[in-house]
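Chain order of the listed sequences is A and B. When we follow my numbering, the leftmost residue of the first sequence carries the number 1, and every step to the right adds one. When we follow my numbering, the leftmost residue of the second sequence carries the number 1001, and every step to the right adds one. Glycine included, every Cβ here is placed at the ideal spot set by N, Cα and C.
Number of protein chains: 2
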Amino acid sequence: MELTIASWNVNSIRARLSHVLTWLDDRKPDVLLLQETKVENGLFPREPFEERGMHVLASGQKALNGVAVVSRHHPELLGETLSSGFLADQRRVLRVRIMGITLMDVYVPNGGDTSGERFADKLRFLEELAREAGLSSQERYMLMAGDFNVAPGEDDVTDAKVMDGRLCFHPEERTRFESILRTGLTDLFRAFNPDGKAYSWWDYREGSFRRNAGMRLDHILVSPALAAAARSCTIDREPRSWDRPSDHAPVSAVFELPAME
Amino acid sequence: MELTIASWNVNSIRARLSHVLTWLDDRKPDVLLLQETKVENGLFPREPFEERGMHVLASGQKALNGVAVVSRHHPELLGETLSSGFLADQRRVLRVRIMGITLMDVYVPNGGDTSGERFADKLRFLEELAREAGLSSQERYMLMAGDFNVAPGEDDVTDAKVMDGRLCFHPEERTRFESILRTGLTDLFRAFNPDGKAYSWWDYREGSFRRNAGMRLDHILVSPALAAAARSCTIDREPRSWDRPSDHAPVSAVFELPAME
DNA sequence: GCGCACTGCG
DNA sequence: CGCAGTGCGC
Chain A
1 MELTIASWNV
11 NSIRARLSHV
21 LTWLDDRKPD
31 VLLLQETKVE
41 NGLFPREPFE
51 ERGMHVLASG
61 QKALNGVAVV
71 SRHHPELLGE
81 TLSSGFLADQ
91 RRVLRVRIMG
101 ITLMDVYVPN
111 GGDTSGERFA
121 DKLRFLEELA
131 REAGLSSQER
141 YMLMAGDFNV
151 APGEDDVTDA
161 KVMDGRLCFH
171 PEERTRFESI
181 LRTGLTDLFR
191 AFNPDGKAYS
201 WWDYREGSFR
211 RNAGMRLDHI
221 LVSPALAAAA
231 RSCTIDREPR
241 SWDRPSDHAP
251 VSAVFELPAM
261 E
Chain B
1001 MELTIASWNV
1011 NSIRARLSHV
1021 LTWLDDRKPD
1031 VLLLQETKVE
1041 NGLFPREPFE
1051 ERGMHVLASG
1061 QKALNGVAVV
1071 SRHHPELLGE
1081 TLSSGFLADQ
1091 RRVLRVRIMG
1101 ITLMDVYVPN
1111 GGDTSGERFA
1121 DKLRFLEELA
1131 REAGLSSQER
1141 YMLMAGDFNV
1151 APGEDDVTDA
1161 KVMDGRLCFH
1171 PEERTRFESI
1181 LRTGLTDLFR
1191 AFNPDGKAYS
1201 WWDYREGSFR
1211 RNAGMRLDHI
1221 LVSPALAAAA
1231 RSCTIDREPR
1241 SWDRPSDHAP
1251 VSAVFELPAM
1261 E
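Set out below in structure tokens:
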């Protein structure tokens, strides 16, 4: 059976609802992992998704952060925090099981600037993700996706020399992202696109999208069995061109899996 | 020659620009008096009006109040305050001369509630308008229009008994509105519609427009010679039904005048 | 209920 | 630049 799993930092699900529904109706992913929903669970707009036959699991808070899983198949909730409990007061993680796949929806802290406590928290959060991936390494089908706020490679920014040391392309961040991959996960977009610059985020300011001055911050990382089952991984720039868009574009992967319960 | 003069409290010209342009293109008034433009002069969107061959005179401030005159013919600026200077720090008055007609665009203070200093200011402002009308009583063609924040008669509210004493239908306000008319001005809408309930404002809350629970707060008052020249005076409820409307509807009057310089 | 201002965040 | 939040005016 074919399964499409997508990830999208929507920068407010309420502000972006029409975009998300339009995209959902067009692309029809089986699972959509959302980040920066920026809404408490009680105010999450569940109905339009449920009308489309999708389940919704939301873990949100006021104004900041917030993640959610929209899924055609029933999702089993595994947890709403890192298993260490780090930054548990911020809604940045949703762990679910869908159709025998363990999924982790993550929104890594932006970090503020490369000095200071919030950057330290970001690095620690990335370390925790590596640990988390290690804990799940016995799982056959494991997927960790979301907004990592790290551009891992030189082709994930416009100019590596200029960007070197800057937020989201700092060696300390890239090293920690590498550690996540070293647990055995595959950066699926890069696996399908081994070279060539590609971005998933463009700043709202300075006409960044028009100039295609972006970064690849949104990733789908998968276990070896899922990597083998993957048929494609793409970034859909179209919604970024719509009126009042999210600053992030959705990333999607298609898998061909043996039929599961 | 025929001349159409309209008045509209737009509740932010920037938020309502598309509505105002759509209405302008459809109804093509010669003069449009705006209230609650809520924008400083430098940020007033002049271009779309000028592209349509209209002149713009704006007298605005940040966030609150603000009046403007949009006119097919060149307007001569007479003043931006009451001649007494009362409440001169608030942009609520624009006095202009267009085609030999003296026009006064007014936005009367809402008053807050019927106790307190702001209500006293509202009453005083209405008294000043009567004085102002008296000062202009020698003018052959004089028009005073805008948002008076007073429903003068029992047919200008849904239920006079229920509304009696409430803001915008308080005896003290209605008396002062009467004083304005007693200088010789005619309430043109009432002249053409001597009976029957009609409103120009509906609260955004509680589905007031759907229930037609409104008040007639926006008026076109004219000197005897203009009253004699008037051919119609109407309230256009249509824009109030549009998406994200102003809470006020435009009021228009058509005059048949001898050709003037 | 719907504007505006301001501030924090990214 | 564009989301939130809060406070205020109408």
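query = How many Å lie between residue 1109(B) and residue 1093(B) at the Cα?
reply = Taking the CA atoms as reference points, residue 1109(B) sits about 11 Å from residue 1093(B).
key: residue 145(A) - containing beta strand (DSSP E), residue span   = It spans 142-147 - the beta strand (DSSP E) in which residue 145(A) sits, taken as one unbroken run.
Beta strand (DSSP E) runs wholly inside the segment 70-123 of chain A, at least 3 long, in chain order = Listed in chain order, the complete beta strand (DSSP E) runs (minimum 3 residues) inside the segment 70-123 of chain A are 76-79, 93-98 and 101-107.
inquiry  = Using the three-state DSSP reduction, which class does residue 1257(B) fall into: helix, strand or coil?
reply    = The DSSP-derived three-state label of residue 1257(B) is coil.
task = Can you grab the Cα-Cα spacing for the pair residue 212(A) / residue 255(A), in whole Å?
result = In a straight line, the C-alpha of residue 212(A) is about 29 Å away from that of residue 255(A).
task = Over the uninterrupted alpha helix (DSSP H) stretch that includes residue 23(A), give me the two end residues.
result = For residue 23(A), the enclosing alpha helix (DSSP H) begins and ends at 13-27.
task = On a CA-only basis, which of 176(A), 21(A) and 68(A) is nearest residue 149(A)? Give me that one, please.
result = With distances taken between CA atoms, residue 149(A) lies nearest to 176(A) out of 176(A), 21(A) and 68(A).
Same chain, Cβ closer than 6 Å to residue 134(A), neighbours up to 5 away in sequence not counted = The answer, listed in chain order, is 183.
request  = Any chance you could list the alpha helix (DSSP H) runs of at least 4 consecutive residues sitting entirely within the segment 145-230 of chain A, in chain order?
outcome  = As far as the segment 145-230 of chain A is concerned, its whole alpha helix (DSSP H) runs of at least 4 residues are 160-163, 171-182, 188-192 and 224-229.
key: Outcome for residue 42(A) when other beta-carbon atoms lying within 10 angstroms are tallied against a minimum of 16   = Flag for residue 42(A) reads exposed.
request  = Keeping to the same chain, check which residues put their C-beta closer than 7 Å to that of residue 203(A); ignore five residues upstream and five downstream.
outcome  = Excluding positions up to five away in sequence, the list reads 247.
task = Indicate whether the contact test is met: 3 or more Cβ pairs, each with one atom in the segment 1140-1147 of chain B and one in the segment 1115-1122 of chain B, closer than 8 Å.
result = Three or more Cβ pairs closer than 8 Å define a contact, and the segment 1140-1147 of chain B falls short of that threshold against the segment 1115-1122 of chain B.
query = First and last residue of the alpha helix (DSSP H) that includes residue 40(A)?
reply = For residue 40(A), there is no enclosing alpha helix (DSSP H), as DSSP gives it neither H nor E.
ask   = Who are the near neighbours of residue 1012(B) in its chain, counting only those whose CB is closer than 6 Å to its CB and skipping five residues on each side?
value = The beta carbon of residue 1012(B) sits closer than 6 Å to those of 1038, all from its chain and outside the five residues before and after it, given in chain order.
task = Mind checking which residues open and close the alpha helix (DSSP H) that includes residue 47(A)?
result = According to the DSSP assignment, residue 47(A) belongs to the alpha helix (DSSP H) that extends over 47-51.
ask   = For residue 1135(B), which of helix, strand or coil comes out of DSSP?
value = Reduced to three states, the DSSP call for residue 1135(B) is helix.
request  = Spell out the partners DSSP gives residue 1276(B) in its beta bridges.
outcome  = With chain B covering 1001 to 1261 only, the question about residue 1276(B) has no answer from this structure.
query = Do three or more CB pairs link the segment 1156-1174 of chain B to the segment 1238-1245 of chain B at distances below 8 Å?
reply = With a cut-off of 8 Å, the segment 1238-1245 of chain B and the segment 1156-1174 of chain B do not count as touching, because too few Cβ pairs lie within range.
request  = Would you mind sorting residue 239(A) into buried or exposed? The rule is 16 or more other CB atoms within 10 Å of its CB.
outcome  = It counts as buried.
request  = Look at the Cβ atom of residue 185(A), then the Cβ atom of residue 233(A), and state whether they are nearer than 7 Å.
outcome  = No, they are not a contact pair.
ask   = My guess is that residue 227(A) and residue 191(A) are in contact by the Cβ rule of under 8 Å, so how many angstroms apart are they, rounded?
value = Rounded, the Cβ-Cβ distance is 7 Å, consistent with contact.
ask   = Would you report the Cα separation of residue 308(A) and residue 218(A), rounded to the nearest angstrom?
value = Any question about residue 308(A) goes unanswered here, given that chain A covers just 1 to 261.
message = Excluding the 5 residues flanking residue 1073(B) on each side, which residues of the same chain have their C-beta closer than 6 Å to its C-beta?
response = Answer for residue 1073(B): 1098 and 1099, listed in chain order.
task = Would you give the residue range spanned by the beta strand (DSSP E) that residue 63(A) belongs to?
result = If you look at residue 63(A), you'll find it isn't in any beta strand (DSSP E); DSSP assigns it neither H nor E.
Distance, residue 1018(B) Cα to residue 125(A) Cα = Taking the CA atoms as reference points, residue 125(A) sits about 46 Å from residue 1018(B).
request  = To the nearest angstrom, report how far apart residue 1089(B) and residue 1069(B) are at their CA atoms.
outcome  = For residue 1089(B) and residue 1069(B), the distance between alpha carbons rounds to 19 Å.
message = With the cut-off set at 7 Å, would you say residue 1107(B) and residue 1035(B) are in Cβ contact?
response = Residue 1107(B) places its beta carbon less than 7 Å from that of residue 1035(B).
key: Whole-angstrom distance between residue 1008(B) and residue 172(A), CA atom to CA atom   = Going by the C-alpha atoms only, they are around 59 Å apart.
ask   = Between residue 1199(B) and residue 1231(B), what straight-line distance do the alpha-carbon atoms span, to the nearest angstrom?
value = So the alpha carbons of these two residues sit roughly 20 Å apart.
inquiry  = Using a Cβ-Cβ cutoff of less than 7 Å, which residues in the same chain neighbour residue 1101(B) once the five nearest sequence positions on both sides are dropped?
reply    = Taking C-beta separations shorter than 7 Å and ignoring five residues to either side along the sequence, the partners of residue 1101(B) in its chain run 1141 and 1143, following chain order.
key: residue 236(A) vs residue 253(A) beta-carbon contact at 7 Å   = Contact annotation: residue 236(A) and residue 253(A) have beta-carbon atoms that are not nearer than 7 Å.
Residues near residue 1049(B) in its chain [Cβ-Cβ closer than 6 Å; skip 5 each side] = Around residue 1049(B): 1056 and 1070.
message = Measuring alpha carbon to alpha carbon, tell me which residue in 105(A), 154(A) and 64(A) is nearest residue 132(A).
response = Among 105(A), 154(A) and 64(A), the Cα nearest to that of residue 132(A) belongs to 105(A).
query = Cα separation between residue 1113(B) and residue 1151(B)?
reply = Whole-angstrom Cα-Cα distance: 15 Å.
ask   = Under the DSSP definition of a beta bridge, which residues are partnered with residue 1058(B)?
value = According to DSSP, residue 1058(B) bridges with 1068(B).
task = Could you name the residues of the same chain whose beta carbon sits closer than 6 Å to that of residue 30(A), not counting the 5 residues immediately before and after it, in chain order?
result = The residues are 3, 4 and 72.
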